[in-house]
Amino acid sequence: MFGKVLIANRGEIAVRVARTCRAMGIRTAAVYSEADREALHPREADEAVLIGPAEAARSYLDAEALVAAARRTGADAVHPGYGFLSQSADFADAVAGAGLTFIGPPPAVHRAMGDKQAARRLMAASGVPVVPGYDGDDQSDGALLAAARSIGWPVILKPSRGGGGKGMRVVRRAEDFASALASSRREARAAFGDDRMVLERYVERPRHVEVQVLGDAHGHLVHLFERECSIQRRHQKVVEETPSPALTPERRAALCAAGVAAARAAAYVNAGTVEFLLAPDGAFYFLEVNTRLQVEHPVTEAVTGLDLVRLQIQIAAGQALPFAQEDVRPQGHALECRLYAEDPDHDDRPAPGRILHYAAPEGPGVRFDSGVATGSEVTVHYDPLLAKLVTWGRDRDEAVQRMRAALRRTVVLGVTTNLARLQAIVDHPAFRAGALHTGFIEEHLAGHTAPAVAPPEAVAAALAAVRLASPAPAGAPDPWETLGPWRLD
Ligand code: MV4
Numbered sequence: 042m043f044g045k046v047l048i049a050n051r052g053e054i055a056v057r058v059a060r061t062c063r064a065m066g067i068r069t070a071a072v073y074s075e076a077d078r079e080a081l082h083p084r085e086a087d088e089a090v091l092i093g094p095a096e097a098a099r100s101y102l103d104a105e106a107l108v109a110a111a112r113r114t115g116a117d118a119v120h121p122g123y124g125f126l127s128q129s130a131d132f133a134d135a136v137a138g139a140g141l142t143f144i145g146p147p148p149a150v151h152r153a154m155g156d157k158q159a160a161r162r163l164m165a166a167s168g169v170p171v172v173p174g175y176d177g178d179d180q181s182d183g184a185l186l187a188a189a190r191s192i193g194w195p196v197i198l199k200p201s202r203g204g205g206g207k208g209m210r211v212v213r214r215a216e217d218f219a220s221a222l223a224s225s226r227r228e229a230r231a232a233f234g235d236d237r238m239v240l241e242r243y244v245e246r247p248r249h250v251e252v253q254v255l256g257d258a259h260g261h262l263v264h265l266f267e268r269e270c271s272i273q274r275r276h277q278k279v280v281e282e283t284p285s286p287a288l289t290p291e292r293r294a295a296l297c298a299a300g301v302a303a304a305r306a307a308a309y310v311n312a313g314t315v316e317f318l319l320a321p322d323g324a325f326y327f328l329e330v331n332t333r334l335q336v337e338h339p340v341t342e343a344v345t346g347l348d349l350v351r352l353q354i355q356i357a358a359g360q361a362l363p364f365a366q367e368d369v370r371p372q373g374h375a376l377e378c379r380l381y382a383e384d385p386d387h388d389d390r391p392a393p394g395r396i397l398h399y400a401a402p403e404g405p406g407v408r409f410d411s412g413v414a415t416g417s418e419v420t421v422h423y424d425p426l427l428a429k430l431v432t433w434g435r436d437r438d439e440a441v442q443r444m445r446a447a448l449r450r451t452v453v454l455g456v457t458t459n460l461a462r463l464q465a466i467v468d469h470p471a472f473r474a475g476a477l478h479t480g481f482i483e484e485h486l487a488g489h490t491a492p493a494v495a496p497p498e499a500v501a502a503a504l505a506a507v508r509l510a511s512p513a514p515a516g517a518p519d520p521w522e523t524l525g526p527w528r529l530d
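Each number in the numbering used here comes from the position in the sequence shown (counting from 1) with 41 added on.
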């Protein structure tokens, strides 16, 4: 087993990886930028290395600086977390080139799955259902328009190298095709240096379901069932759960088998996620493979009792999976809410600032994975995710009730958050009925502005603590002035 792991990430996932390493008796080295000198994650590790300035391009995205930090600290493996360089084949190559182990899939898997055209062809050839569409080499305007006509309107244009919705265009009529193609290509070329397109039939009101897979280096491949992530906004997931309320046992078995078939076709090793669209008629279609640990992995942990980071490390160290498919028996239901420092009243723009008071909920079936604490500075440089609140229940109703109670015990003062929106989502009758789809927030919660509901004694205690701990210096704004919806005047 590894003696030391370098954690090439920040925030809650760096904290979460450090904790599993500690539980495994593995030493950890954190990295941090100049903006993260006071952050939580360097403190959770056994040592920490400054790798560069605040700008991610010169710190958390600087492969050379990260590999140098790994060498300097004597780490023998690198955990990339999610985001940043976690899906970079070049980074995985650089880590291996330095004689270290990358805790994730091999570079060839990142390369193959990072190309939608190649991934779609591979999946179609392997019997995994793909959306009717076009992934051909002829990329002329004429070939693409002809493909669109034969697929039938509406179609969606997807840059082959893209991800997260970037450069995608929905086209509903032949008249609009040429200009949509031109702008999609332009965006793709600027963002990815590659303007090859995939075309698909556009599935309306889809749900997003994904299958967690795990493969070891000895040819064993299992799935850990599905997660549903339909509650999202601008391609950013907000609430996730498992099991999906949309699946019958038969559909679940078919979906999970398709996930394993996709992973087998990709020669997958380590933890990965196969994303599918679930159409209102129950048909599901392969979307893409995420070659990393996902933000929402804790809901899978909650129902399976497994530690996915531990399994990633064991697999990277060459160990065989310690269980077989039939040993994986999920129990109960789990939900995750993502707590972001962002302003729902202003287009969800990031809301930087200092956290003046922070209170995590606790209790049976409650997990709170956080990257910040009271006093933390939330900057504009990185993703504004503060924490993930996960609840487990024997059934969905219990998980939802625990989530509602836990959200009411969550306090963040000093920065604006999406807490009120999370409360509105899980309180909504459509959510409670499990009637989810990717347009849920726009359909049910457009213009929602009610403030977060926090228990009054928590607010009173927090306000008193803020006043005592940080009296406003002469001439500076009183922290009470920045507390937003919790002001008691
Ligand atoms: C689609 C689709 C409908 N039909 N493909 C957007 C991000 C990327 N991962 C896939 N996306 C979509 N692809 C077809 N053929 C609708 C979406 C989509 C979506 C997918 C998953 C979660 C949220 C979404 C929000 C809007 C659109």
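Glycine included, C-beta positions come from ideal geometry on N, C-alpha and C.
### Task
Taking only the alpha-carbon atoms, compute the straight-line gap between A540 and S220 and give it to the nearest angstrom.
Because the chain in this structure spans residues 42 to 530, residue 540 falls outside the shown range and cannot be described.
### Message
If you reduce the DSSP assignment to three classes, tell me which class M209 lands in.
### Response
Numbered from 1 along the sequence shown, position 168 holds the residue referred to as residue 209. Reduced to three states, the DSSP call for M209 is coil.
### Message
For the alpha helix (DSSP H) containing R449, name the first residue and the last one.
### Response
What you label residue 449 is simply residue 408 of the sequence shown in a count that begins at 1. From DSSP, the alpha helix (DSSP H) with R449 extends over R437 to R449.
### Query
Is M209 near ligand 1, in the sense that its beta carbon is under 7 Å from a heavy atom of that ligand?
For the purposes of this step, residue 209 is taken as residue 168 along the sequence shown, with counting starting at 1. Yes, Cβ of M209 sits closer than 7 Å to a heavy atom of ligand 1.
### Query
Which residues in the same chain as E88 place their Cβ atom closer than 7 Å to its Cβ, once the five residues preceding and following it in sequence are excluded?
As a position in the sequence shown, residue 88 is number 47, starting the count at 1. Counting only Cβ-Cβ distances below 7 Å, and skipping sequence neighbours, we find A70 and T114.
### Three-state class that DSSP yields for D322 in the structure shown
To locate residue 322, count along the sequence shown from 1; it is residue 281. If DSSP states are grouped into helix, strand and coil, D322 belongs with coil.
### Task
Take every Cβ of the segment 160-178, pair it with every Cβ of the segment 211-231, and state whether three or more of those distances are shorter than 8 Å.
Judged by Cβ distances under 8 Å, the segment 160-178 makes no contact with the segment 211-231, as fewer than three pairs qualify.
### Three-state secondary structure assigned by DSSP to L347
Taking the sequence shown and counting its residues from 1, the one referred to as residue 347 is at position 306. L347: coil per DSSP, three-state reduction.
### Message
I need the DSSP call for G394, collapsed to helix, strand or coil.
### Response
Locating residue 394 in the sequence shown gives position 353, counting from the first residue. Three-state result, G394: strand.
### Query
For M42, is the classification buried or exposed, using 16 other Cβ atoms within 10 angstroms of its Cβ as the cut-off for buried?
Numbered from 1 along the sequence shown, position 1 holds the residue referred to as residue 42. Under this definition M42 is an exposed residue.
#### Entry: Cβ-based burial, S191 [other Cβ within 10 Å; buried from 16]
Position 150 of the sequence shown, counted from the start, is the residue given in the question as residue 191. Under this definition S191 is an exposed residue.
### Query
Does ligand 1 have a heavy atom nearer than 7 Å to the CB of H249?
As a position in the sequence shown, residue 249 is number 208, starting the count at 1. Yes - ligand 1 has a heavy atom lying nearer than 7 Å to the Cβ of H249.
### Task
Check whether the segment 104-122 touches the segment 139-147, counting contact only when three or more Cβ pairs, one atom from each stretch, lie closer than 8 Å.
Because the criterion of three Cβ pairs below 8 Å is met, the segment 104-122 and the segment 139-147 touch.
### Task
Return the chain-ordered ranges of every alpha helix (DSSP H) run that is complete within the segment 85-122 and spans a minimum of 4 residues.
Scanning the segment 85-122 for uninterrupted alpha helix (DSSP H) segments of 4 residues or longer gives 104-114, listed from N- to C-terminal end.
### Query
What did DSSP end up calling L524 once you bin it into helix, strand or coil?
Indexing the sequence shown from 1 puts residue 524 at position 483. For L524, the pLDDT reaches just 49, beneath the cut-off of 50, and the residue's location in the model is therefore unreliable, although a value from the coordinates is still provided. Reduced to three states, the DSSP call for L524 is coil.
### Query
Looking at the unbroken alpha helix (DSSP H) that takes in E484, where does it start and where does it end?
For the purposes of this step, residue 484 is identified with residue 443 of the sequence shown, where counting begins at 1. F481 to H485 is the span of the alpha helix (DSSP H), which, as asked, contains E484.
### Message
Measuring straight from C-alpha to C-alpha, what distance separates W527 and L454?
### Response
The sequence position of residue 527 within the sequence shown is 486, counting from 1. The sequence position of residue 454 within the sequence shown is 413, counting from 1. Legend: pLDDT at W527 = 45, less than 50; position of this residue unreliable, value from coordinates given subsequently. Approximately 8 Å between the Cα atoms of the pair.
### Query
With respect to 7 Å, is the separation between the Cβ of Q273 and the closest non-hydrogen atom of ligand 1 below this value?
Within the sequence shown, the letter at position 232 stands for residue 273. Yes, Cβ of Q273 sits closer than 7 Å to a heavy atom of ligand 1.
### Message
For V169 and R449, what's the separation of their Cα atoms in angstroms?
### Response
The residue labelled residue 169 in the question sits at position 128 within the sequence shown. The residue labelled residue 449 in the question sits at position 408 within the sequence shown. Rounded to whole angstroms, V169 to R449 spans 42 Å at the Cα level.
### Close-in-space but distant-in-sequence residues of the same chain around S201 (CB under 6 Å, 5 per side omitted)
Along the sequence shown, read from residue 1 onward, the residue named residue 201 stands at position 160. Taken in chain order, the residues that qualify are D156, K157, Q158, R237 and V239.
### Message
Between the alpha carbons of R57 and R78, how many angstroms are there, rounded?
### Response
By 1-based counting over the sequence shown, the position of residue 57 is 16. By 1-based counting over the sequence shown, the position of residue 78 is 37. Computed Cα separation, rounded: 18 Å.
### Task
Flag this pair as touching only if the segment 354-363 and the segment 259-277 have three or more C-beta atom pairs under 8 Å; answer yes or no.
yes
### Message
Buried or exposed for E129, going by 16 or more other Cβ atoms inside 10 Å?
### Response
Indexing the sequence shown from 1 puts residue 129 at position 88. At residue 129 the sequence reads Ser, which differs from the Glu that was named. With 16 or more other Cβ atoms within 10 Å, it is buried.
### Query
Where do the ends of the alpha helix (DSSP H) carrying E291 lie?
Here residue 291 corresponds to residue number 250 of the sequence shown, with the count starting at 1. Counting along the chain, the alpha helix (DSSP H) containing E291 begins and ends at P290 to A306.
### Task
State the CB to CB distance for the pair A400 and V452, rounded to an integer number of angstroms; the pair is presumed to be in contact (CB under 8 Å).
Residue 400 sits at position 359 when you count from the first residue of the sequence shown. Residue 452 sits at position 411 when you count from the first residue of the sequence shown. The Cβ separation is near 4 Å, so the contact holds.
### Query
Hey, would you say the C-beta of T332 is under 7 Å away from at least one heavy atom of ligand 1?
Reading the sequence shown from its first residue, position 291 is the one you call residue 332. Checking every heavy atom of ligand 1 against the Cβ of T332, none is found closer than 7 Å.
### Query
Do the CB positions of H478 and R248 come within less than 8 Å of each other?
Locating residue 478 in the sequence shown gives position 437, counting from the first residue. Locating residue 248 in the sequence shown gives position 207, counting from the first residue. Yes; because the gap between Cβ atoms is below 8 Å, this pair is in contact.
### Distance, I48 Cα to A357 Cα
Position 316 of the sequence shown, counted from the start, is the residue given in the question as residue 357. Position 7 of the sequence shown, counted from the start, is the residue given in the question as residue 48. Cα-Cα distance, rounded: 14 Å.
### Message
With a threshold of 7 Å (Cβ to nearest heavy atom), would L328 be considered close to ligand 1?
### Response
The residue given as residue 328 occupies position 287 in the sequence shown. Yes; taking the cut-off as 7 Å, the Cβ of L328 has a heavy atom of ligand 1 nearer than that.
### Message
Based on DSSP bridge pairs, tell me the residues matched to M19.
### Response
Lying outside 42 to 530, the shown extent of the chain, residue 19 is not represented and no answer is given.
### Query
The beta strand (DSSP E) with E281 in it runs from where to where?
Here the question's residue 281 lines up with position 240 in the sequence shown. Per DSSP, E281 belongs to the beta strand (DSSP E) from Q277 to T283.
### Task
Measuring alpha carbon to alpha carbon, tell me which of S74, G193, K45 and A258 ends up nearest H422.
Here residue 422 is taken as the residue at index 381 of the sequence shown, counted from 1. Among S74, G193, K45 and A258, the Cα nearest to that of H422 belongs to S74.
### Query
In chain order, what residues of the same chain have a beta carbon less than 7 Å from the beta carbon of R99, not counting five sequence neighbours either side?
Counting from 1 along the sequence shown, the entry for residue 99 is found at position 58. For R99, where only same-chain residues beyond five positions count, the Cβ hits under 7 Å are G93.
### Task
Quick one: using the 10 Å Cβ neighbour count with 16 as the cut-off for buried, is S271 buried or exposed?
Counting from one through the sequence shown, the residue named residue 271 turns up at place 230. S271 is buried by the Cβ-count criterion.
#### Entry: Any non-hydrogen atom of ligand 1 within 7 Å of V336 CB
Taking the sequence shown and counting its residues from 1, one reaches residue 336 at position 295. Answer for V336: no, Cβ out of range of ligand 1.
### Alpha-carbon to alpha-carbon, V252 and A295
Within the sequence shown, numbered from 1, the residue matching residue 295 stands at position 254. Within the sequence shown, numbered from 1, the residue matching residue 252 stands at position 211. Rounded to whole angstroms, A295 to V252 spans 11 Å at the Cα level.
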